[in-house]
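Reviewing the structure listed below.
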Amino acid sequence: MNKSTIAEVHKYAGEEVKIGAWLANKRSSGKIAFLQLRDGTGFIQGVVVKSEVAEEVFQLAKSITQESSLYVTGTVTKDERSPLGHELQVNGIEVIHQATDYPITPKEHGTEFLMDHRHLWLRSKRQHAVMKIRNEIIRATYEFFNEQGFSKVDPPILTGSAPEGTTELFHTKYFEEDAYLSQSGQLYMEAAAMALGKVFSFGPTFRAEKSKTRRHLIEFWMIEPEMAFYEHEDSLKVQEEYVSFIVQSVLKNCQLELKTLNRDVSKLEQVQAPFPRISYDDAIKFLHEKGFDDIQWGDDFGAPHETAIAESYEKPVFITHYPTSLKPFYMQPAQDREDVVLCADLIAPEGYGEIIGGSERIHDYDLLKQRLEEHGLPLESYEWYLQLRQFGSVPHSGFGLGLERTVAWISGVEHVRESIPFPRLLNRLYP
Ligand code: 4AD
Ligand code: MG
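Take the sequence shown: its letters are residues 2 to 432, numbered as in the working numbering.
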């Protein structure tokens, strides 16, 4: 007999297969039982008809408990109504392990309860769909950057420097020294770009930020490309092409998952490069016109501001040229204006906020040193970083895309806590 996964049953239409699965849910009457089976690759309905199977098989089908593990045998049949397109006409069931009192029942549960049971919640259909979309974004990321000639480089997690400001650092001891968990691999990626040209990283980053919003995690995964000889505008082109590519890849390869999540795909279909750009100056004017009187030039945007700006576009929008005072020390000032920097934040549609932060980097040694001093950063820790400007310095740019915000947006889930397997949130380190 063929051993199959649920995702591959279509190869065996009309044939008998054996599937290892869990019982996700069940409905039964006196004559028929419907088993919702899942095996990690997908979900399928198993139909057990009393008159067509041995009596003990039917009794077993009626009595199996939620999340018991099974080997199920049956014939694969086409079924137009099922999202998968196929069903299983079950003729045999072997219980591997019987589960009792599975805590997540088909009824509604509160968020805290589900978060406490995240290790089990991941099995549910919606969570499974989000994780598959996350996986597709990761796969497409590697495909995109490999195709474009980037090399993957892995920056360290234990570091002695702070690219994004010192207030959100996770402190730890490194034997006798002080160390921090990486809040961005960028500075190391700049060194790597000077060695390999076009590079990208993909790894965990940490922000000890006491924010409790739907966009903030304490530990999140970031994709950080860095490109030698790329100026601000060159970098924006890479960003819009990359984001378009991952969205189109999900649309192509995750149709079932998007359907499970009831995602409005018409909004995603419009996500094709090029993306609109608005300067910070114009964004402030726009917000004033919209009646946001509280914000002034020099203030950072809050979530309501970003959402208002994003709402006037169908696609993600770049907000460019932020005030120098709002941004980290390494950003290159605009040529004609000292008070703004060559940077952009990419704001996702539908209220998901900033998914990318990026900029051209200062490549002049004296200016970079001056900025480090102005920011009160210890020059000894940045000596290596300054040296990149002493030996063949070139204009270069890069950006960081937050994976979880991107997953939340593309999946259409409200909160980033559902877009990472085990979220680290304010006051949550369990499970
Ligand atoms: O804007 P950020 O802080 O930029 C950097 O770290 C740069 N060094 C990146 C670079 O140029 N190489 O963070 C980049 C992105 C944000 O746009 C957001 O998507 C995500 O990382 N991000 C978070 N995601 C979840 N929770 C948090 N607390 C996040 N902080 C940033
Ligand atoms: Mg940012």
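By construction, the Cβ of each residue, glycine as well, lies at the ideal position given by its N, Cα and C atoms.
All values derive from a computational prediction rather than experimental measurement.
Q.
Tell me whether residue 358, by its Cβ, gets closer than 6 Å to a heavy atom of the ligand MG.
A. Taking the sequence shown and counting its residues from 1, the one referred to as residue 358 is at position 357. Yes.
Q.
For a test of your reading of the model: does the CB of residue 223 fall under 6 Å from any non-hydrogen atom of the ligand 4AD? Yes or no.
A. Residue numbering aside, residue 223 sits at position 222 when the sequence shown is read from its first letter. Yes, the ligand 4AD has a heavy atom inside 6 Å of this Cβ.
Q: Could I get the ranges of all uninterrupted beta strand (DSSP E) runs contained in the stretch 209-238, with 3 residues as the minimum, in chain order?
A: 220-229
Q) Taking the alpha carbon of residue 224 as the point to measure from, which residue in 28, 401, 57 has its own alpha carbon closest? A) As a first step, residue 224 must be located in the sequence shown, where it is residue number 223. Taking only the C-alpha atoms, the option nearest residue 224 is 401.
Q | Supposed contact pair residue 215 and residue 184 - C-beta distance, whole angstroms, cut 8 Å | A | Taking the first residue of the sequence shown as position 1, residue 184 is located at position 183. Taking the first residue of the sequence shown as position 1, residue 215 is located at position 214. At roughly 20 Å, the Cβ-Cβ gap does not stay under 8 Å, so residue 184 and residue 215 are not in contact.
Q | Three-state class that DSSP yields for residue 332 in the structure shown | A | If you number the sequence shown from 1, residue 332 lands on position 331. Secondary structure at residue 332: strand, using DSSP grouped into helix, strand and coil.
**Q.** Any 3 or more C-beta pairs closer than 8 Å across the stretch 418-425 and the stretch 381-397
**A.** no
Q.
Looking at the secondary structure, which residues open and close the beta strand (DSSP E) in which residue 76 lies?
A. Within the sequence shown, the letter at position 75 stands for residue 76. In the DSSP assignment, residue 76 falls within the beta strand (DSSP E) that extends over 70-79.
**Q.** Stretch pair the stretch 397-413 + the stretch 130-147: three plus CB contacts closer than 8 Å
**A.** yes
Q) What's the gap between the Cα of residue 67 and the Cα of residue 429? A) Position 66 of the sequence shown holds residue 67. Position 428 of the sequence shown holds residue 429. Distance between the alpha carbons of residue 67 and residue 429 is about 28 Å.
Q) Taking 6 Å as the cut-off, is the CB of residue 164 close to at least one heavy atom of the ligand 4AD? A) Sequence index remark: in the sequence shown, residue 164 carries index 163 (1-based). Result yes, Cβ under 6 Å from the ligand 4AD.
Q.
Measuring only the C-alpha atoms, how far is residue 396 from residue 320?
A. Residue 396 sits at position 395 when you count from the first residue of the sequence shown. Residue 320 sits at position 319 when you count from the first residue of the sequence shown. So the two alpha carbons sit approximately 21 Å from each other.
Q | In DSSP terms, what residue 23 is bridged to | A | Your numbering for residue 23 matches position 22 in the sequence shown. Answer is 39, 70, bridged to residue 23.
Q: Kindly indicate the opening and closing residues of the beta strand (DSSP E) around residue 304.
A: Numbered from its first residue, the sequence shown carries residue 304 at position 303. No beta strand (DSSP E) holds residue 304; the alpha helix (DSSP H) holding it covers 304-311.
Q.
Starting from residue 58, trace the alpha helix (DSSP H) in both directions and tell me its first and last residue.
A. Along the sequence shown, one-based indexing puts residue 58 at 57. First-last of the alpha helix (DSSP H) with residue 58: 56-64.
Q | Three-pair Cβ contact test at 8 Å for the stretch 159-170 versus the stretch 289-299 | A | no
Q.
I'd like the list of long-range same chain contacts for residue 141, defined as Cβ closer than 7 Å, with 5 residues on each side in sequence excluded.
A. Here residue 141 refers to the residue found at position 140 when the sequence shown is read from its first residue. For residue 141, where only same-chain residues beyond five positions count, the Cβ hits under 7 Å are 246, 247, 250.
Q) How big is the Cα-Cα spacing for residue 226 and residue 383? A) Your numbering for residue 226 matches position 225 in the sequence shown. Your numbering for residue 383 matches position 382 in the sequence shown. Computed Cα separation, rounded: 21 Å.
Q.
I believe residue 356 touches residue 345 by the beta-carbon criterion, under 8 Å. Please report the beta-carbon distance rounded to the nearest angstrom.
A. Looking up residue 356 in the sequence shown gives position 355. Looking up residue 345 in the sequence shown gives position 344. Not a contact, Cβ separation roughly 12 Å.
**Q.** residue 27 to residue 37 span [Cα, whole Å]
**A.** Here residue 27 refers to the residue found at position 26 of the sequence shown. Here residue 37 refers to the residue found at position 36 of the sequence shown. Taking the straight line from one Cα to the other gives about 6 Å.
(Q) Restricting to Cα atoms, I'd like to know which of 368, 149, 240, 284 is closest to residue 322. (A) The count along the sequence shown starts at 1 and reaches residue 322 at position 321. Ranking the options by Cα distance to residue 322, first place goes to 284.
**Q.** Environment of residue 112 [buried if 16+ CB atoms lie within 10 Å]
**A.** If you number the sequence shown from 1, residue 112 lands on position 111. Looking at its Cβ environment, which holds fewer than 16 other Cβ atoms inside 10 Å, residue 112 is exposed.
Q) Anyone know if the C-beta pair for residue 43 and residue 74 falls short of 7 Å? A) The residue you call residue 43 lines up with position 42 of the sequence shown. The residue you call residue 74 lines up with position 73 of the sequence shown. Their beta carbons are not under 7 Å apart, which means residue 43 does not touch residue 74 by this criterion.
(Q) For the stretch 51-63 against the stretch 6-20, do three or more pairs of beta-carbon atoms, one drawn from each stretch, fall closer than 8 Å, so that the two count as touching? (A) The answer is no - the stretch 6-20 does not touch the stretch 51-63, with fewer than three Cβ pairs under 8 Å.
Q.
For residue 40, count the other beta carbons within 10 Å of its own beta carbon; 16 or more makes it buried, fewer makes it exposed. Which is it?
A. Within the sequence shown, the letter at position 39 stands for residue 40. So residue 40 counts as buried.
Q: Report yes or no: do the stretch 75-82 and the stretch 98-111 share at least 3 C-beta pairs separated by less than 8 Å?
A: no
Q.
Between which two residues does the beta strand (DSSP E) holding residue 92 run?
A. Numbered from 1 along the sequence shown, position 91 holds the residue referred to as residue 92. 87-98 is the extent of the beta strand (DSSP E) around residue 92.
Q) Just to check, is the beta-carbon of residue 185 closer than 6 Å to a non-hydrogen atom of the ligand 4AD? A) Along the sequence shown, one-based indexing puts residue 185 at 184. Residue side-chain check: residue 185 places its Cβ nearer than 6 Å to a non-hydrogen atom of the ligand 4AD.
Q. Helix, strand or coil: which one does DSSP assign to residue 343?
A. Counting from one through the sequence shown, the residue named residue 343 turns up at place 342. Correct three-state label for residue 343: coil.
Q | Nearest neighbour of residue 85, chosen from 33, 121, 118, 6 [CA to CA] | A | Within the sequence shown, residue 85 is the residue found at index 84, counting from 1. For residue 85, the nearest C-alpha among the options comes from 6.
(Q) Taking the straight line between their C-alpha atoms, what separation do you get for residue 203 and residue 65? (A) Residue numbering aside, residue 203 sits at position 202 when the sequence shown is read from its first letter. Residue numbering aside, residue 65 sits at position 64 when the sequence shown is read from its first letter. Spanning the two alpha carbons is a distance of roughly 42 Å.
Q | Beta-carbon separation (whole angstroms), residue 328 vs residue 276, contact threshold 8 Å | A | Here residue 328 corresponds to residue number 327 of the sequence shown, with the count starting at 1. Here residue 276 corresponds to residue number 275 of the sequence shown, with the count starting at 1. Residue 328 to residue 276, Cβ: 20 Å. No contact.
(Q) Could you check if residue 208 belongs to the surroundings of the ligand 4AD, using beta carbon to heavy atom distance under 6 Å? (A) As a first step, residue 208 must be located in the sequence shown, where it is residue number 207. The answer is yes for residue 208.
Q: State yes or no: is the C-beta of residue 217 nearer than 6 Å to some heavy atom of the ligand SAH?
A: Questions concerning the ligand SAH fall outside what the structure shown contains, since the ligands it does hold are the ligand 4AD and the ligand MG.
(Q) Do residue 229 and residue 194 have their beta-carbon atoms positioned less than 7 Å apart in this structure? (A) Taking the sequence shown and counting its residues from 1, the one referred to as residue 194 is at position 193. Taking the sequence shown and counting its residues from 1, the one referred to as residue 229 is at position 228. Yes, these two residues count as a Cβ contact at 7 Å.
Q) Starting from residue 261 and walking both ways along the beta strand (DSSP E), at which residues does that stretch end? A) The residue you call residue 261 lines up with position 260 of the sequence shown. Element bounds for residue 261: not the beta strand (DSSP E) but the alpha helix (DSSP H), 256-261.
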